[in-house]
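See below for the structure under consideration.
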Amino acid sequence: MPKRPCPFEDSYSPQMKLHVGAKEVDNGVMRSEKMKAVYDRTLSLLYSGAKNVMNNNTVERMETGFEVQKVKAANTLHQMCLTAQGTLARPQPFSKNMEMQPKNRSSCGHSPNILLSVIPSCSYCESQLCDSCIKSCHFCQGIFCPKCSLTVYQEEEKVLCLSCC
Numbered sequence: 065m066p067k068r069p070c071p072f073e074d075s076y077s078p079q080m081k082l083h084v085g086a087k088e089v090d091n092g093v094m095r096s097e098k099m100k101a102v103y104d105r106t107l108s109l110l111y112s113g114a115k116n117v118m119n120n121n122t123v124e125r126m127e128t129g130f131e132v133q134k135v136k137a138a139n140t141l142h143q144m145c146l147t148a149q150g151t152l153a154r155p156q157p158f159s160k161n162m163e164m165q166p167k168n169r170s171s172c173g174h175s176p177n178i179l180l181s182v183i184p185s186c187s188y189c190e191s192q193l194c195d196s197c198i199k200s201c202h203f204c205q206g207i208f209c210p211k212c213s214l215t216v217y218q219e220e221e222k223v224l225c226l227s228c229c
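Quick note on numbering: the sequence shown equals residues 65 to 229 in the numbering used here.
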C-alpha cells in the first residue's frame, strides 16, 4: 500500500543541496561595489592607452605588467628536407651569389621550357614543373602540379589546389 500524500503541500519546501560558487557570491553580496571597481580599472586602462597613442609613445610594457610580444616579420613556415641520416633539417637559404643552374628535366619527366631562366616549382610540394604540368588555382592563384591540384567540372572547368578544396 503506498504512502498517503502530505496534506500541507503549500507549506512544504524540500531541502536541496545547492552549490554556491565564486560567481554566485560575486553576483550577490556587494555586486555593485565590485563591478564599480572593475569599470574604474577598465576606464583607467583605456585612458592611459589613449594618452600613449596621442603622445606617440611606444609602450614596451603595459601598466598591468604584461609584455608586448613582438611579431616575427619573416615567415617561419617552410618545407623541411630529409637528410642522408634520416633526420629533418631546414633547407639551405638561397643566396644571390649562387648561380641558377637549369635542370634538364622536371619532376614529371618532360623537358622544361629552355627560355625560362627559373623553372617554376609547385607551391605545395615544391617539385619542378614543365609548361604542360603547370596548374593555377582558381581561388589563391598559386602554381601547382597535377598531383597537388584537383580539376572541378561544374559550370566551367576550374582547378583548385589541395588547400582551397
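Yeah, the Cβ is synthetic: ideal placement off N, Cα and C, and Gly gets one too.
Report, in whole angstroms, the separation of the C-beta atoms of residue i and residue j, which I expect to be a contact under 8 Å.
i	j	result
Cys229	Tyr188	Between Tyr188 and Cys229 the Cβ distance is about 12 Å, and since that is not below 8 Å, they are no contact.
Cys186	Cys204	Contact doesn't hold; Cβ gap of about 13 Å is too wide.
Cα separation between residue i and residue j?
i	j	result
Lys100	Ser112	18 Å
Ser191	Glu220	28 Å
Tyr69	Ala86	Reading the sequence as shown, one finds Pro at residue 69 and not Tyr. Those two C-alpha atoms are separated by around 38 Å.
Arg95	Val102	11 Å
Arg154	Pro184	21 Å
Pro66	Val84	36 Å
Thr128	Gln218	With a pLDDT of 48 at Thr128, under the threshold of 50, the predicted position of this residue should be treated as unreliable, and no value is reported.
Ser196	Val216	18 Å
Met144	Asn120	42 Å
Gln106	Val117	First, the residue type needs correcting, since residue 106 is Thr and not Gln in the sequence shown. Cα-Cα distance, rounded: 17 Å.
Leu5	Lys115	Because residue 5 is not part of the residues shown, which for the chain are 65 to 229, the question remains open.
Leu214	Ile207	12 Å
Ser227	Cys194	22 Å
Leu146	His202	31 Å
Met126	Gly150	With a pLDDT of 47 at Met126, under the threshold of 50, the modelled position of this residue cannot be trusted, and the question is left open.
Glu88	Leu109	27 Å
Pro71	Asp104	55 Å
Asn161	Ala148	Residue confidence for Asn161 is low, a pLDDT of 48 falling below 50, so the modelled location carries little weight and cannot support an answer.
For a quick check, are the C-beta atoms of residue i and residue j less than 9 Å apart?
i	j	result
Cys209	Lys222	no
Lys98	Asp90	yes
Does the ligand HEM have a heavy atom nearer than 8 Å to the CB of residue i?
i	result
Glu221	The ligand HEM is not among the ligands present in this structure, which contains no ligands whatsoever.
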